[in-house]
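K.L.:
Okay, here's the structure, questions in a sec.
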């Protein structure tokens, strides 16, 4: 590798970081791509791992394999703990430093409990593969425990699932858990009827899918209710514990709570000492650089960017990808001697969410779809965005299988408490 | 469920327990099937999860789903800690007891370190899905660390893999890791050449695959060597630690050690206070019952059974299945009023092992196969024995993909140390 070349260090190989690296293509730079995980994760389908529809390896790929043909890119599995702006280097957890000419932070976000971190043990969130297998284990174990439970009240609590947060993740989890209980698992138990399962979606706002048009929110609510989900609007959760949740002044006994409500940015803003919004996102200039540091970009869920009309750019995959491409174009222009500031213009392509295996809502602004045409469009779009022919085939086969048989293939309780014998 | 019916309690839903439950079919009994895991595991392909070829959910299925059509069967996820022969019940870890009329223990085996349990932390074994993802994590992380390591000696130790034990599991692991290093990962690294990886298979006996004919052992050794594996025969390992292994008086620096050498039975014999062999297996009568207890059967890897010629029945899936069918037939005969002792006669169908993705050895006694015809026969046989059309399709697709492209789909480092930052 020619060490005379301009060195771009990218931290985070999510949608933004990966798109940036690919868009740099044959630009005369060398790139170091750092991530604390060895895999890029297709987060929009993570809820399907949590609900036994897909295997972990169907939505995650080794980062270094994805960029194996970009000979200018070195991939490092390492954890960044800080940025030394004065010496222009990032600091790793083992004390090593990596010097940069240009730094791009694309480190994403994690769920936030709005200062109530003690809720996490009772209401796990969903951001990583481990989060997904943890939720899968909790969900499946609840039915197993209910099968052995003789006390009716305790059994009802085991068969009550509360999902907190009515965004796409909460809606998708609620719909899929309802289908799992009411269809997939029905024939497998002897002492319980899994159709007695209660699935409750709690949303503090006055409608679910708040990013969508109000009529689509109303449709999604009806579609969830048809699947047997109870939708509770206008209630913030005031307490979570091992026995259940409190919302709207009443206590609901539930042994299964999933958190899909809040998001907090990674500490990129702290590393930089940059101004941040309440969710911890670095507030960046309109060209995605940090004020006073044209050599440092922050993109994706860990940055706060405004659209022309003042609304924030949403924390979704297409926005991160557009930002990655924008930074690549800016760097290429700079290398060609053009240092003019290039503002990022976000193009919103639409919002999508599925409700179970036969309905979805798609909001393209003027045009919208609901019902099974939306479900098929959603499925085809997601298969298109998956990486690699093999994964597209595998996921398509899984979905068609679930569609035709109602059976899900990844009903595994793994990790967690290890059986002690033998 | 009619509680007047004869109650058969089966502990363990491996090959033996599951085959027994299925073979009971419509017999006038009620059955309780207890396992500490929620899934039946196809152990012969576990090494393919450890070496990134298959996903966990492709070789494991929820037990209760597999027996959903057997309405007489209740499945329990529970851990058995003992047997109360006087009161005819099994004891669970939460203190609950389950009464039986007939008890079948099919609790399998785990790896054994021959009294050197402190080796386990350095040389993990392979019996459960968690074992497989642990080994997968270690193997993949070694290459990641080598990519960052600047000291040549430390890098060589990271790129040295020692597999202890030359049975089918050891041979299959060694062959697949060699392929992973020399082909799959080759294009993905910048600072190391993964073809420098050393894979060493250490076997204490004078040949690998000792259960096979000597000429097939010799073929397997040559096939491994063609893949770049060093086979060390006649050396027992005398020490394992974080730096490497000692065998034949010399120390080999290696940061990756996998244990495929010894097996210890589950504590079924201890639960029963029954006579056991050195590996902890209960020594049973020729009808698979425990001496003095015609109502208690022990089958599979946790029992020691002799063949007519005095050799032990091997610890392989077909033997466990045959024993399961034999116990089912005995129970049916007894229910029909025939209490005559029915000795178990094991029929050995053959031995199979693969070496990488193009060679295998199959020993049917008089007939044997090697090379690619054996590999295809092995593959077709294993797909046939997988459960469910969906898994057969998925595994077949995976194998054809690996065969055609050399790429493996499950290269995920998961669990283990959790990244601390969001």
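Protein chains in written order, with UniProt numbering: chain A, 1 to 422; chain B, 1 to 422. Here a beta-carbon is modelled for each residue, glycine too, at the ideal position from N, C-alpha and C.
Tell me, please, which residues DSSP counts as bridged to residue 143 of chain B.
P.N.:
Sequence index remark: in the second chain, residue 143 of chain B carries index 143 (1-based). Answer by DSSP bridge pairing: none, since residue 143 of chain B is not bridged.
K.L.:
Measuring straight from C-alpha to C-alpha, what distance separates residue 63 of chain B and residue 39 of chain B?
P.N.:
Within the second chain, numbered from 1, the residue matching residue 63 of chain B stands at position 63. Within the second chain, numbered from 1, the residue matching residue 39 of chain B stands at position 39. Going by the C-alpha atoms only, they are around 5 Å apart.
K.L.:
Given that residue 343 of chain B touches chain A, what residues does it touch there, using C-beta distances under 7 Å?
P.N.:
Position 343 of the second chain, counted from the first residue, corresponds to residue 343 of chain B. Correct list: empty, because the minimum Cβ distance to chain A is about 27 Å.
K.L.:
Going straight from the alpha carbon of residue 82 of chain A to that of residue 91 of chain A, what length do you get?
P.N.:
Taking the first residue of the first chain as position 1, residue 82 of chain A is located at position 82. Taking the first residue of the first chain as position 1, residue 91 of chain A is located at position 91. Spanning the two alpha carbons is a distance of roughly 5 Å.
K.L.:
For my contact list, residue 52 of chain B and residue 408 of chain B are in at a C-beta cut-off of 8 Å; report their separation, rounded to the angstrom.
P.N.:
Mapped onto the second chain, residue 52 of chain B falls at position 52. Mapped onto the second chain, residue 408 of chain B falls at position 408. Correct: roughly 4 Å between the Cβ atoms.
K.L.:
Could you work out which residues of chain B lie near residue 4 of chain A, taking near to mean beta carbons separated by less than 7 Å?
P.N.:
Numbered from 1 along the first chain, position 4 holds the residue referred to as residue 4 of chain A. What residue 4 of chain A touches in chain B: nothing, since even the nearest Cβ is about 17 Å away.
K.L.:
Classify residue 367 of chain A as buried or exposed, calling it buried when 16 or more other Cβ atoms lie within 10 Å of its own Cβ.
P.N.:
By 1-based counting over the first chain, the position of residue 367 of chain A is 367. Its Cβ having fewer than 16 others within 10 Å, residue 367 of chain A is exposed.
K.L.:
What does residue 415 of chain B reach in chain A if we use C-beta pairs closer than 7 Å?
P.N.:
Numbered from 1 along the second chain, position 415 holds the residue referred to as residue 415 of chain B. Here the neighbours are 130, 415.
K.L.:
Quick one: is residue 399 of chain B near chain A, going by C-beta distance under 9 Å?
P.N.:
Sequence index remark: in the second chain, residue 399 of chain B carries index 399 (1-based). By this cut-off, residue 399 of chain B is not an interface position.
K.L.:
What residues in the stretch 377 to 392 of chain B bring their beta carbon closer than 7 Å to a beta carbon of chain A?
P.N.:
The stretch 377 to 392 of chain B vs chain A, Cβ under 7 Å: 390.
K.L.:
Any idea if residue 58 of chain B is buried or exposed, counting beta-carbon neighbours within 10 angstroms, 16 or more meaning buried?
P.N.:
As a first step, residue 58 of chain B must be located in the second chain, where it is residue number 58. Classification of residue 58 of chain B: buried, given that the 10 Å Cβ count is 16 or more.
K.L.:
Checking contacts by CB at 9 Å: is residue 488 of chain B closer than that to chain A?
P.N.:
In this structure chain B extends from 1 to 422, so residue 488 of chain B is not present and cannot be described.
K.L.:
Give the residues from the stretch 312 to 345 of chain B that approach chain A closer than 8 Å (Cβ to any Cβ), ordered along the chain.
P.N.:
Flagged: no residues at all.
K.L.:
If I follow the unbroken alpha helix (DSSP H) through residue 330 of chain A, where does it start and stop?
P.N.:
Locating residue 330 of chain A in the first chain gives position 330, where the first residue counts as 1. Looking at the DSSP string, the run of the alpha helix (DSSP H) that includes residue 330 of chain A is 317 to 335.
K.L.:
Taking a Cβ distance cut-off of 7 Å, strictly less, list which residues of the stretch 110 to 136 of chain A are near chain B, in chain order.
P.N.:
Taking 7 Å as the Cβ-Cβ cut-off against chain B, the residues of the stretch 110 to 136 of chain A that qualify are 110, 129, 130.
K.L.:
Which residues in the same chain have their Cβ closer than 8 Å to the Cβ of residue 157 of chain B, if we skip the five residues on either side of it in sequence?
P.N.:
The residue labelled residue 157 of chain B in the question sits at position 157 within the second chain. Within the same chain, residue 157 of chain B has close Cβ partners 243, 244, 253, 254, 255.
K.L.:
Please give the ranges of any alpha helix (DSSP H) in the stretch 154 to 231 of chain B, keeping only runs that are unbroken, at least 4 residues long and fully inside the region.
P.N.:
DSSP runs (the alpha helix (DSSP H)) wholly in the stretch 154 to 231 of chain B: 168 to 179, 214 to 226.
K.L.:
If we define contact as Cβ-Cβ less than 9 Å, is residue 73 of chain A a contact residue for chain B?
P.N.:
Position 73 of the first chain, counted from the start, is the residue given in the question as residue 73 of chain A. For residue 73 of chain A, the answer is yes, since a Cβ of chain B falls inside 9 Å of its Cβ.
K.L.:
For residue 247 of chain B, would you say it is in contact with chain A, using Cβ-to-Cβ distances shorter than 9 Å as the test?
P.N.:
Within the second chain, numbered from 1, the residue matching residue 247 of chain B stands at position 247. No, its Cβ sits nowhere closer than 9 Å to a Cβ of chain A.
K.L.:
Suppose you measure from the CA of residue 118 of chain B to the CA of residue 261 of chain B; what does that come to, to the nearest Å?
P.N.:
Mapped onto the second chain, residue 118 of chain B falls at position 118. Mapped onto the second chain, residue 261 of chain B falls at position 261. About 15 Å.
K.L.:
What residue range is occupied by the uninterrupted alpha helix (DSSP H) comprising residue 343 of chain B?
P.N.:
To locate residue 343 of chain B, count along the second chain from 1; it is residue 343. Where residue 343 of chain B is concerned, there is no enclosing alpha helix (DSSP H), given that its DSSP letter is neither H nor E.
K.L.:
Just by C-beta distance, which residues in the stretch 173 to 204 of chain A are closer than 8 Å to chain B?
P.N.:
So the list reads 187, 188, 189, 190, 191, given in the order they occur along the chain.
K.L.:
Quick check: is the beta carbon of residue 406 of chain A nearer than 9 Å to any beta carbon in chain B?
P.N.:
Within the first chain, numbered from 1, the residue matching residue 406 of chain A stands at position 406. Output row for residue 406 of chain A: interface = no.
K.L.:
Closer than 8 Å by C-beta to residue 216 of chain B: which residues in its own chain qualify, once you throw out the five before and the five after it? Chain order, please.
P.N.:
Within the second chain, the letter at position 216 stands for residue 216 of chain B. If we look at residue 216 of chain B and ignore the five residues flanking it on each side, its Cβ neighbours are 209, 361, 363, 368, 370.
K.L.:
Counting only C-beta atoms, is residue 69 of chain B closer than 9 Å to chain A at any point?
P.N.:
The residue given as residue 69 of chain B occupies position 69 in the second chain. Yes, its Cβ sits closer than 9 Å to a Cβ of chain A.
K.L.:
Assuming the contact rule is C-beta atoms closer than 8 Å, residue 286 of chain B and residue 344 of chain B should be a hit. Round their C-beta distance to whole Å, please.
P.N.:
One-based indexing of the second chain puts residue 286 of chain B at position 286. One-based indexing of the second chain puts residue 344 of chain B at position 344. Contact holds; Cβ gap of about 6 Å.
K.L.:
Classify residue 418 of chain B: buried if its beta carbon has 16 or more other beta carbons within 10 angstroms, exposed otherwise.
P.N.:
Counted from its first residue, the second chain places residue 418 of chain B at position 418. With a pLDDT of 49 at residue 418 of chain B, under the threshold of 50, the predicted position of this residue should be treated as unreliable, though the coordinate-derived value follows. It is exposed - the Cβ of residue 418 of chain B has fewer than 16 other Cβ atoms within 10 Å.
K.L.:
Tell me the DSSP secondary structure of residue 418 of chain B in three-state form.
P.N.:
For the purposes of this step, residue 418 of chain B is taken as the residue at position 418 of the second chain. Model confidence at residue 418 of chain B stands at a pLDDT of 49, short of 50, so the residue's coordinates are unreliable; what they give is reported in the following sentence. In this structure, residue 418 of chain B counts as coil in the three-state DSSP scheme.
K.L.:
Locate the beta strand (DSSP E) running through residue 354 of chain A, then write down its first and last residues.
P.N.:
As a working mapping, residue 354 of chain A is identified with position 354 in the first chain. First-last of the beta strand (DSSP E) with residue 354 of chain A: 351 to 355.
K.L.:
Since residue 150 of chain A sits in a beta bridge, which residues does DSSP pair it with?
P.N.:
Counting from one through the first chain, the residue named residue 150 of chain A turns up at place 150. Bridge partners of residue 150 of chain A: none, in fact.
K.L.:
Whole angstroms are fine: how far does the CA of residue 293 of chain A sit from the CA of residue 329 of chain A?
P.N.:
Translated into the one-based positions of the first chain, residue 329 of chain A becomes position 329. Translated into the one-based positions of the first chain, residue 293 of chain A becomes position 293. Looking at the two C-alpha atoms, the distance is approximately 18 Å.
K.L.:
Using a beta-carbon distance below 9 Å, is residue 138 of chain B in contact with chain A?
P.N.:
The count along the second chain starts at 1 and reaches residue 138 of chain B at position 138. Output row for residue 138 of chain B: interface = no.
K.L.:
Along the chain, where does the beta strand (DSSP E) containing residue 241 of chain B start, and where does it finish?
P.N.:
Taking the second chain and counting its residues from 1, one reaches residue 241 of chain B at position 241. First-last of the beta strand (DSSP E) with residue 241 of chain B: 237 to 241.
K.L.:
Between the beta-carbon of residue 164 of chain A and the beta-carbon of residue 50 of chain A, is there less than 9 Å?
P.N.:
Residue numbering aside, residue 164 of chain A sits at position 164 when the first chain is read from its first letter. Residue numbering aside, residue 50 of chain A sits at position 50 when the first chain is read from its first letter. In this structure, residue 50 of chain A does not lie closer than 9 Å to residue 164 of chain A by Cβ.
K.L.:
For the stretch 41 to 57 of chain B, which residues have a beta carbon sitting closer than 8 Å to at least one beta carbon of chain A?
P.N.:
Flagged, chain order: 55, 56, 57.
K.L.:
Does any heavy atom of the ligand SAM sit closer than 8 Å to the C-beta of residue 305 of chain B?
P.N.:
The ligand content of the structure shown is nil, which means the ligand SAM is not present either.
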